[in-house]
Amino acid sequence: MPQQFHDNTLSADALDQIFREARTYNGWLDKPVSEDQLHAIYELFKMGPTSANMQPARIVWVKSQEQKNRLAELASDANADKIRAAPVTAIIGYDIDFHEELPWLFPHTDAKSWFAGDEAGRIEGAKRNSALQGAYMIIAARALGLDCGPMSGVDLDGITKEFFADQPRHRADWVCSIGYGDPTSIFERSPRPDFDKFTRIV
């Protein structure tokens with residue numbers, strides 16, 4: 001039983017579902033994920049913190065078989081099969097010009113001016129914060145009873161051209177399948193380091 005630090009600590013079962021027992025799935029049960037479920041995932045993960053509320057992630061939810069096949073053509077052989085079988089695969093991208101939205105996303109000050117004229121800095125911030133949003137997406141999906149299969153073995157340039165062609169300032173960064181995982185498709189859990197292995201308190 002985990003130590004309770006506050007009355008609002010999630011239950012052990014909830015922590016198991018989101019973290020301790022959650023796995024990366026390589027196969028999927030034949031069970032659909034609805035558009036309502038995707039909206040519910042988004043309504044949760046958009047609440048996660050980003051720098052100056054920049055919200056740079058741009059998501060394409062690849063749901064139809066036609067579009068899954070199209071995406072699979074831009075993945076490694078092993079990942080292509082996962083994409084074709086998954087109910088949904090999210091393309092997590094980012095907007096290089098996210099700062100154009102800051103006047104309403106962060107109205108407290110002129111945050112847009114912090115990023116204007118610094119494309120390299122915007123790309124750095126967008127990649128970091130959209131990756132955070134993708135992690136929030138995984139947590140949200142797991143919290144709602146779904147499983148995830150994040151992947152990086154894909155042709156990101158090809159995905160950008162195919163799925164963000166109408167948004168030339170958007171870039172694909174990674175993909176994540178979402179659905180109900182087939183428990184026979186997972187590997188034995190890889191080791192996780194103890195606290196002192198890679199962290200320190202100073």
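Quick note on numbering: the sequence shown equals residues 1 to 202 in full-length UniProt numbering. Note that CB positions come from ideal geometry on N, CA and C, so glycine has one too. Since the model is a prediction, treat every value here as computed from it, not as a measurement.
query: Distance CB(GLY149)-CB(SER177) smaller than 7 Å; result: yes
query: C-alpha distance - SER190 paired with ARG70, whole-angstrom precision; result: 32 Å
query: Range of the contiguous alpha helix (DSSP H) that encloses GLY121; result: 119-143
query: Unbroken alpha helix (DSSP H) run spanning TYR42, endpoints; result: 35-45
query: Residue span of the beta strand (DSSP E) that contains GLY93, given as start and end; result: 88-95
query: The region 126-142 / the region 160-179 touching (three or more Cβ pairs under 8 Å); result: yes
query: Nearest neighbour of ALA52, chosen from ALA85, ASP110, THR9 and HIS39 [CA to CA]; result: ASP110
query: Reference ASP118; option with closest CA among PHE106, PHE98, SER130 and ASN79; result: PHE98
query: Beta-carbon gap between TYR42 and SER185 smaller than 7 Å; result: no
query: Helix, strand or coil at PRO150 according to DSSP, with G and I counted as helix; result: strand
query: Alpha-carbon to alpha-carbon, TRP104 and VAL154; result: 34 Å
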